[in-house]
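Protein chains in written order, with the working numbering: chain A, 58 to 175; chain B, 64 to 175.
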């Protein structure tokens with residue numbers, strides 16, 4: 058069974074602090090894709106990153122960085138020097154790469170609500 | 064830069080009414096999805112389509128129907144609206160398996 062766990066329901070940090078959002082996944086597939094999405098208070102879902110299971114290199118994009126570790130089935134997201142505009146709900150998602158009855162199952166975590174306090 | 068377009072953005076329905084949420088994408092994506100997001104929760108898949116003329120049920124299909132007559136459009140039909148269908152609905156699409164999923168801006172539906 059495929060599962061994504063975001064154990065942190067809500068996190069509050071003071072502006073300029075670093076914060077890490079955890080994502081732990083379960084899958085029996087050897088090929089899969091992981092995603093992070095941001096949902097700001099306005100409600101839309103904004104794509105942040107996509108990573109395939111064969112690429113364990115960490116990635117940095119400005120203040121955002123992602124740590125993918127297959128050994129622990131984790132794909133954690135760190136925001137450095139957080140800003141008020143980072144306040145949002147962040148979702149981690151896992152997508153199978155193989156066909157399964159014509160549908161590639163995509164499983165979303167329940168999200169972590171991040172509040173950055175000025 | 065249209066991407067995935069959903070209409071309407073907000074709607075209030077009375078119990079028992081029906082309506083259609085429209086979704087269109089201009090990226091020539093094969094895969095399209097409808098999700099619902101209940102308050103404080105993650106996304107649950109309602110229906111999906113892997114191409115024009117092909118649709119199938121997701122996790123929570125009861126009370127909904129879809130059609131996919133063209134690659135671009137994937138409307139979601141709510142029949143006999145119930146309060147349990149009060150939610151935010153997201154349409155999404157992607158080119159192929161493993162590719163990035165792009166979401167519409169969401170449709171806020173309240174059934175009273």
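For each residue, glycine too, the CB sits at the ideal point set by N, CA and C.
Residue-level contact to chain B via CB, residue i, 8 Å cutoff
i, result
"residue 125 of chain A", "no"
"residue 151 of chain A", "no"
"residue 107 of chain A", "yes"
"residue 171 of chain A", "no"
"residue 165 of chain A", "yes"
"residue 168 of chain A", "yes"
"residue 11 of chain A", "Any question about residue 11 of chain A goes unanswered here, given that chain A covers just 58 to 175."
Residue i at chain A interface by Cβ criterion, 8 Å
i, result
"residue 134 of chain B", "no"
"residue 106 of chain B", "yes"
"residue 110 of chain B", "no"
"residue 169 of chain B", "yes"
"residue 137 of chain B", "no"
"residue 73 of chain B", "no"
Outcome for residue i when other beta-carbon atoms lying within 10 angstroms are tallied against a minimum of 16
i, result
"residue 56 of chain A", "The first residue shown for chain A is 58 and the last is 175, placing residue 56 of chain A beyond what the model contains."
"residue 170 of chain B", "buried"
"residue 121 of chain B", "buried"
"residue 143 of chain A", "buried"
"residue 67 of chain A", "exposed"
"residue 131 of chain B", "buried"
"residue 79 of chain B", "exposed"
"residue 158 of chain A", "Residue confidence is low: residue 158 of chain A scores 49 on pLDDT, short of 50, so the model does not pin down where it sits. No coordinate-derived value is stated."
Three-way DSSP call (helix, strand, coil) for residue i in this model
i, result
"residue 107 of chain B", "strand"
"residue 139 of chain A", "coil"
"residue 77 of chain B", "coil"
"residue 110 of chain A", "coil"
"residue 152 of chain A", "strand"
"residue 127 of chain A", "helix"
"residue 91 of chain A", "strand"
"residue 114 of chain B", "strand"
"residue 170 of chain A", "strand"
"residue 62 of chain A", "strand"
"residue 84 of chain A", "coil"
"residue 102 of chain A", "coil"
Beta-carbon neighbours of residue i, restricted to chain B and to distances below 7 Å
i, result
"residue 81 of chain A", "Those do not exist, as residue 81 of chain A stays about 14 Å from chain B at its closest Cβ, beyond 7 Å."
"residue 148 of chain A", "105"
Residues that residue i contacts on chain A, provided the C-beta gap is smaller than 8 Å
i, result
"residue 151 of chain B", "100"
"residue 163 of chain B", "92, 104, 107"
First and last residue of the uninterrupted beta strand (DSSP E) at residue i
i, result
"residue 164 of chain B", "No beta strand (DSSP E) contains residue 164 of chain B, which DSSP labels as neither H nor E."
"residue 162 of chain A", "First-last for residue 162 of chain A: undefined, no H or E at that position."
"residue 143 of chain B", "From DSSP, residue 143 of chain B is part of no beta strand (DSSP E); its letter is neither H nor E."
"residue 155 of chain B", "150 to 157"
"residue 88 of chain B", "82 to 88"
"residue 67 of chain A", "67 to 71"
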